[in-house]
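Asks: Be aware that the sequence shown starts at 7, since it is given in my numbering, and climbs by one per residue.
All C-beta atoms, glycine included, are put in the ideal place defined by N, C-alpha and C.
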Amino acid sequence: MALAVIGAALMGFMIGLAGTATGGLFVLSFQRPSHRTQTLLIGFSGGVMLAVVFFDLIPESWQAGGWAACLIGTLTGVALIRLLDQGLTSLSRNRTRRLSRYTRTGLLLGLGIALHNFPEGVALGTVYTASTNPGGWIGLALLMALHNIPEGMVMAAAMRLGNIRIRKVIWALVLVELPMGVGAALGGFFGELSALSTSLSLAFAGGAMLYITLDELFPAASELGGWFWMTIGTAGGGLVGAALTKIVQAAG
7 MALAVIGAAL MGFMIGLAGT ATGGLFVLSF QRPSHRTQTL LIGFSGGVML AVVFFDLIPE
67 SWQAGGWAAC LIGTLTGVAL IRLLDQGLTS LSRNRTRRLS RYTRTGLLLG LGIALHNFPE
127 GVALGTVYTA STNPGGWIGL ALLMALHNIP EGMVMAAAMR LGNIRIRKVI WALVLVELPM
187 GVGAALGGFF GELSALSTSL SLAFAGGAML YITLDELFPA ASELGGWFWM TIGTAGGGLV
247 GAALTKIVQA AG
């Protein structure tokens, strides 16, 4: 049993990292993009995030726990991330080197993604230890890795625009996957989360990501390169995010 739990934890962490790192490294491959390219990239990231929220997190939360749990989780996520945003802004004012908008956005996105990864890890760990058919959890693992690609893109884009060093961005991409490994270990040991817990956690992550997108990503993109290019990027990101979500849902 102990080996199975350790295996679940390692698999959860590595699978989550594979997807997040793929998306993050793709963004990091761009060298000093123009303001227009940066605006398109932020808009694209925001569009992907909105698609994940409205086509994946919120519907799954609603289905798992009903509208009340979904609403409570979403509002709680918005409220907590707003408080953290205000705290980071206040902390920045008291520092010699202030945190930029993009740096704050990257940190908040990292928190939201980490929260989202925990229930994913629980699901993977449960299937990993309980399934007698390796194809079952391998298929789920591939879907989760695919699902994490746009999240890595969004986080890396925001942090690089905040002039955070590539090495630190890579470390951040690694750290946000730790909750997935922890969740996988707990899932392997205790089994699945209750429907209510799953619903609240998914809605919480959705609310957090929704606030970050509307309050941080879109205003930053608009200030950088204007609404037109931001809208083009958002539309493209929304289409890609919706397509990826539908592929994952159809395959699952």
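With DSSP as the reference, label Val180 as helix, strand or coil.
Replies: Within the sequence shown, numbered from 1, the residue matching residue 180 stands at position 174. Here Val180 sits in helix by DSSP.
Asks: What's the C-alpha gap between Leu230 and Lys252?
Replies: Taking the sequence shown and counting its residues from 1, one reaches residue 230 at position 224. Taking the sequence shown and counting its residues from 1, one reaches residue 252 at position 246. So the two alpha carbons sit approximately 31 Å from each other.
Asks: Just confirm the distance between the C-beta atoms of Ile64 and Gly239, as a whole number of angstroms; I'd bet it's less than 8 Å.
Replies: Residue 64 sits at position 58 when you count from the first residue of the sequence shown. Residue 239 sits at position 233 when you count from the first residue of the sequence shown. So it is not a contact: roughly 22 Å between Cβ atoms.
Asks: Taking Glu229 as part of the alpha helix (DSSP H), name the residues at either end of that continuous run.
Replies: Working through the sequence shown from its first residue, we reach residue 229 at position 223. Its alpha helix (DSSP H) spans residues 224 to 231.
Asks: Distance check for Gln44 and Leu9, CA to CA, integer angstroms please.
Replies: Reading the sequence shown from its first residue, position 3 is the one you call residue 9. Reading the sequence shown from its first residue, position 38 is the one you call residue 44. One C-alpha to the other measures close to 45 Å.
Asks: Hey, how far is the Cα of Thr102 from the Cα of Ser200?
Replies: Counting from 1 along the sequence shown, the entry for residue 102 is found at position 96. Counting from 1 along the sequence shown, the entry for residue 200 is found at position 194. Interpretation of Thr102 is limited by its pLDDT of 45, a score under 50 that renders its predicted location unreliable; no figure is taken from the coordinates.
Asks: From Gln37 to Pro156, what does the alpha carbon distance come to, in whole angstroms?
Replies: To locate residue 37, count along the sequence shown from 1; it is residue 31. To locate residue 156, count along the sequence shown from 1; it is residue 150. Roughly 19 Å between the two C-alpha positions.
Asks: Is the Cβ-Cβ distance between Val271 and Met165 less than 7 Å?
Replies: Not covered by the structure: residue 271. The range shown for the chain is 7 to 258.
Asks: Under 8 Å Cβ to Cβ from Pro185, same chain only, skipping five residues before and after it: list those, please.
Replies: Mapped onto the sequence shown, residue 185 falls at position 179. Excluding residues within five positions, the ones whose Cβ falls inside 8 Å are Ala120, Leu121, Asn123, Phe124, Gly127.
Asks: How long is the line joining the alpha carbons of Gly52 and Leu16, rounded to whole angstroms?
Replies: Translated into the one-based positions of the sequence shown, residue 52 becomes position 46. Translated into the one-based positions of the sequence shown, residue 16 becomes position 10. Gly52 and Leu16: Cα-Cα distance of roughly 30 Å.
Asks: Within a Cβ cutoff of 7 Å, which residues of the same chain sit near Ala27, ignoring the five residues on either side of it in sequence?
Replies: Here residue 27 refers to the residue found at position 21 when the sequence shown is read from its first residue. Gly158, Leu179, listed in sequence order.
Asks: Cα-Cα, which of Gly131, Thr237, Ser205 is closest to Gln69?
Replies: Taking the first residue of the sequence shown as 1, we reach residue 69 at position 63. With distances taken between Cα atoms, Gln69 lies closest to Ser205.
Asks: Rounded to whole angstroms, what's the CA-CA distance from Tyr217 to Val11? Just pull it up for me.
Replies: As a working note, residue 217 is residue 211 in the sequence shown. As a working note, residue 11 is residue 5 in the sequence shown. The alpha-carbon atoms of Tyr217 and Val11 are separated by roughly 35 Å.
Asks: To the nearest angstrom, report how far apart Leu90 and Val33 are at their CA atoms.
Replies: Taking the first residue of the sequence shown as 1, we reach residue 90 at position 84. Taking the first residue of the sequence shown as 1, we reach residue 33 at position 27. Looking at the two C-alpha atoms, the distance is approximately 26 Å.
Asks: Please check the pair Gly131 and Gly194, which I expect to be a contact at CB under 8 Å, by giving their CB distance rounded to whole angstroms.
Replies: Counting from 1 along the sequence shown, the entry for residue 131 is found at position 125. Counting from 1 along the sequence shown, the entry for residue 194 is found at position 188. Correct: roughly 4 Å between the Cβ atoms.
Asks: Where do the ends of the alpha helix (DSSP H) carrying Thr204 lie?
Replies: What you label residue 204 is simply residue 198 of the sequence shown in a count that begins at 1. Here the alpha helix (DSSP H) through Thr204 covers 201 to 218.
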